[in-house]
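Down below is the structure, laid out as structure tokens.
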Amino acid sequence: MRTITLKIDDSISDKFLWLLAHFSKDEVKIIEQSVYVSDDEYLRGLEGMVQSIQKGRAESIDQGLSLGELDW
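Residue numbers for the sequence shown follow our numbering, so the first one is 1 and each next one is one higher.
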């Protein structure tokens with residue numbers, strides 16, 4: 001079985017869900033339904049994220065780390 005993530009326009013979502021309902025649960029399962037949120041909207045929704053980014057922009061480039069210095 002495959003998993004596919006789709007972004008469906010609101011204008012056809014009811015029709016699309018109607019179509020899916022015509023398959024058996026062994027053929028198609030809706031795993032999750034959510035409202036699409038862009039990366040920007042998501043990050044802005046995290047408490048303190050905008051302030052953290054603004055603070056980071058104000059820091060000197062000399063205070064940054066290179067990729068090799070990061071402790072992943």
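Here a beta-carbon is modelled for each residue, glycine too, at the ideal position from N, C-alpha and C.
| I think VAL50 touches ARG57, with their Cβ atoms under 8 Å apart; what is that distance to the nearest whole Å? | Wrong, their Cβ atoms sit about 11 Å apart, outside the cutoff.
In angstroms, rounded to a whole number, what distance separates the CA positions of LEU85 and VAL28?
-> Since the first and last residues shown for the chain are 1 and 72, residue 85 lies out of range.
Self-check item: Coil, strand or helix - ASP62 by DSSP
Solution: helix
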